[in-house]
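Taken in order, these protein sequences are the chains called U and R.
Quick note: to get our numbering, add 8 to the position in the first sequence (first position is 1).
Quick note: to get our numbering, add 134 to the position in the second sequence (first position is 1).
Beta carbons: idealized from backbone N, C-alpha and C, even for Gly.
Just so we're clear, the structure is a prediction, and the values are computed from it rather than from any experiment.
These notes are about the structure you will find just below.
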Amino acid sequence: MKRVVITGAGTINALGHNVPDTLESMREGRCGIGPLEFPNVDRLQIKIGAQVRGYDEAAAFNRQQIALYDRFTQFTLIAAREAIAQAGLTFGGELAARAGVVLGTAAGGMNTWEDNYRAVYEEGKNRVHPFVVPRLMNNAAASHVSMEYNLKGPSFTVSTACASSNHAMGQAFEMIRAGGALAMVTGGSEAMLTFGGIKAWEGLRVMSRDACRPFSGNRNGMVQGEGAGVFVFEEMEHAKARGADILAEVTGFAMTSDAADIVMPSQQGAGRAIAGALKDAGMAPEEIGYINAHGTGTAANDKTECAAVAGAFGAHADQLMISSTKSMHGHCIGGTGAVELLACIMALREGVIAPTIGYEEPDPECALDVVPNVAREARVTGALSNAFAFGGLNAVLALRAV
Amino acid sequence: MSVSETVKKIIAEQAMLEPEDVTDESTLEDLGLDSLGLVECIFGIEEAFDIEVPFNANEPEKSDFDISSVASIVKAVESLAAAQS
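Here it is as structure tokens:
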């Protein structure tokens, strides 16, 4: 079996429009959550979110591109540009044929659906722009990345709600490990901070009106974010042969299904995914120093996740650090696992553990070291990234420092 | 139909029971309603009475909307309807 490493990373999210700015925000414990700004926000009960601010699509793309790119595709292309530039890869010949794109998204071109429903239902128009379908389709982002960078191998989109990115990166990892690809562009993107997007979430009554406080005794729900994270995964010998700077090794992946409830999480399902990732990686529990938690800030997720970690790690659960960076960049839904993988890379590469901000009071049901409020310096050689989706679909990635 | 009768009808429908099986003393747990059944009841109540129910599933105890029994829900709906009319 081949070994898989990460040679490029890119992002745009509420904490920064690139990786260095995002990591600086995580180190500083900055909060990207604020008042939502879009039409009809006055008709919402939930008025906060982690929006990408100061973003000018016209500065990043030309008019023809904007006509084709929904916001989630734009985020993907911006993140992909950064990741592929860092990797220093140019795709041609044999490499192009053996490189592809696997991306996650839950809602795809939500802004495009919404804008055009408004046009035909609310404004009574009988005509929409010819590119509505190619803009809104969930695979639009993956396809545009393949077209932009000449990636001619396997490309597709994975949609498993809040675990989409982790499932996508797991597929990319397994494809390279099995020898089916030399390099894969992978991660995910989401842009569902729209009136309809928030209105839908509001109905479930799990959103906080004031802040995302994962693991805190007074947590009162999730806060949505938006953005993309994109990585270049590469076969290790290929990366070494060309002298690439290796950010981390991806060592294992596991996915499980709760087969139980459409919204309530399961300790058993999450625990099996965590233990499965360790086993797949061939890593002892003691090797894991940091876990980037799913940590949504809901009553149900955080206590279930802590119980799952405690169950999977036994006594070592009290030795490791687990933080939820959603407290800073919000829950980026189908893109969240990709944005969160950056915190794992920072832990492994720079020895800085991103904090769980907004932590105000202990919860006996979340009695782990959640790195409250302030980043910490620590030497970590192994990390996990958890994602547990609605529908009971769990996906956990394991990484090791190089 | 009184507020109490309407609320009981909504809860009974979610619990797949007859309205007369839903008593003032019943708790949602007694009636076999889970978290999704609860949010559907609240949605049904909001639609039936044209009110906004301030309920967050993460902290039910902190909400002004007391869900500890059918009687407490009826009382909460009556005061919300009076305040929001």
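Residue 120(U) (DSSP reduced to helix, strand or coil): Within the first sequence, numbered from 1, the residue matching residue 120(U) stands at position 112. It is helical.
For residue 25(U), which of 352(U), 209(U), 347(U) and 264(U) has the nearest alpha-carbon? Here residue 25(U) corresponds to residue number 17 of the first sequence, with the count starting at 1. Among 352(U), 209(U), 347(U) and 264(U), the Cα nearest to that of residue 25(U) is on 347(U).
Going by DSSP, name the residue or residues bridged to residue 192(U). For the purposes of this step, residue 192(U) is taken as the residue at position 184 of the first sequence. Answer by DSSP bridge pairing, in chain order: 108(U) and 241(U).
Residue 281(U) by DSSP, collapsed to three states: which one? In the first sequence, counting from the first residue as 1, residue 281(U) sits at position 273. Reduced to three states, the DSSP call for residue 281(U) is helix.
Since residue 234(U) contacts residue 59(U) with CB under 8 Å, what's their CB separation in whole angstroms? Translated into the one-based positions of the first sequence, residue 234(U) becomes position 226. Translated into the one-based positions of the first sequence, residue 59(U) becomes position 51. Indeed, because the Cβ distance is near 6 Å, the residues count as touching under 8 Å.
Can you tell me the Cα-Cα spacing of residue 11(U) and residue 271(U), whole angstroms? Stepping through the first sequence from its first residue, residue 11(U) is reached at position 3. Stepping through the first sequence from its first residue, residue 271(U) is reached at position 263. Cα to Cα, the separation comes out at about 35 Å.
Put residue 125(U) into one of helix, strand or coil per three-state DSSP. Along the first sequence, read from residue 1 onward, the residue named residue 125(U) stands at position 117. DSSP places residue 125(U) in helix when its eight states are reduced to three.
Would you please verify whether the beta carbon of residue 49(U) is less than 8 Å from any beta carbon of chain R? Within the first sequence, residue 49(U) is the residue found at index 41, counting from 1. It does not; no Cβ of chain R falls within 8 Å.
Would you say residue 397(U) reaches chain R, if we count a Cβ-Cβ gap shorter than 8 Å as a contact? Looking up residue 397(U) in the first sequence gives position 389. For residue 397(U), the answer is no, since every Cβ of chain R falls outside 8 Å of its Cβ.
Compare the C-alpha of residue 169(U) against each of 155(U), 196(U) and 154(U) and name the closest. To locate residue 169(U), count along the first sequence from 1; it is residue 161. Measuring from the Cα of residue 169(U), the nearest candidate turns out to be 196(U).
In terms of DSSP beta bridges, what is residue 298(U) paired with? As a position in the first sequence, residue 298(U) is number 290, starting the count at 1. According to DSSP, which records beta bridges pairwise, residue 298(U) is partnered with 329(U) and 391(U).
Between the C-alpha atoms of residue 175(U) and residue 240(U), what's the straight-line distance to the nearest angstrom? Here the question's residue 175(U) lines up with position 167 in the first sequence. Here the question's residue 240(U) lines up with position 232 in the first sequence. Roughly 15 Å between the two C-alpha positions.
Distance cutoff 8 Å, beta carbons only. Does residue 364(U) sit that close to anything in chain R? One-based indexing of the first sequence puts residue 364(U) at position 356. Not an interface residue.
Closest by CA to residue 214(R), which one among 195(R), 193(R), 176(R) and 192(R)? As a first step, residue 214(R) is located in the second sequence; it is residue number 80 there, counting from the start. The shortest Cα separation from residue 214(R) among 195(R), 193(R), 176(R) and 192(R) belongs to 176(R).
Boundaries (first-last residue) of the alpha helix (DSSP H) holding residue 177(U): If you number the first sequence from 1, residue 177(U) lands on position 169. Its alpha helix (DSSP H) spans residues 172-185.
Name the two residues that bound the continuous beta strand (DSSP E) containing residue 265(U). Stepping through the first sequence from its first residue, residue 265(U) is reached at position 257. Residue 265(U) -> beta strand (DSSP E) spans 256-265.
Quick check on residue 59(U): does DSSP put it in helix, strand or coil? Position 51 of the first sequence, counting from 1, holds the residue named residue 59(U). The answer is coil: DSSP assigns residue 59(U) none of H, G, I, E or B.
Would you say residue 213(U) lies against chain R (beta-carbon separation less than 8 Å)? If you number the first sequence from 1, residue 213(U) lands on position 205. Cβ-Cβ to chain R under 8 Å: yes for residue 213(U).
Residue 146(R) versus residue 155(R): straight-line alpha-carbon distance, rounded: Counting from one through the second sequence, the residue named residue 146(R) turns up at place 12. Counting from one through the second sequence, the residue named residue 155(R) turns up at place 21. If I take the Cα positions, the gap works out to 8 Å.
One question on the structure: do residue 47(U) and residue 223(U) come within less than 8 Å of each other, judged by their Cβ atoms? Numbered from its first residue, the first sequence carries residue 47(U) at position 39. Numbered from its first residue, the first sequence carries residue 223(U) at position 215. No.
Please say whether residue 91(U) and residue 160(U) have beta carbons closer to each other than 8 Å? What you label residue 160(U) is simply residue 152 of the first sequence in a count that begins at 1. What you label residue 91(U) is simply residue 83 of the first sequence in a count that begins at 1. Contact flag unset, no.
Between residue 178(U) and residue 405(U), which are expected to be in contact by the criterion C-beta below 8 Å, what is the C-beta distance as a whole number of angstroms? What you label residue 178(U) is simply residue 170 of the first sequence in a count that begins at 1. What you label residue 405(U) is simply residue 397 of the first sequence in a count that begins at 1. 6 Å between Cβ atoms; contact.
Does residue 42(U) come out as helix, strand or coil in the three-state DSSP assignment? Residue 42(U) sits at position 34 when you count from the first residue of the first sequence. In the structure shown, residue 42(U) sits in a strand (DSSP, three-state: E or B).
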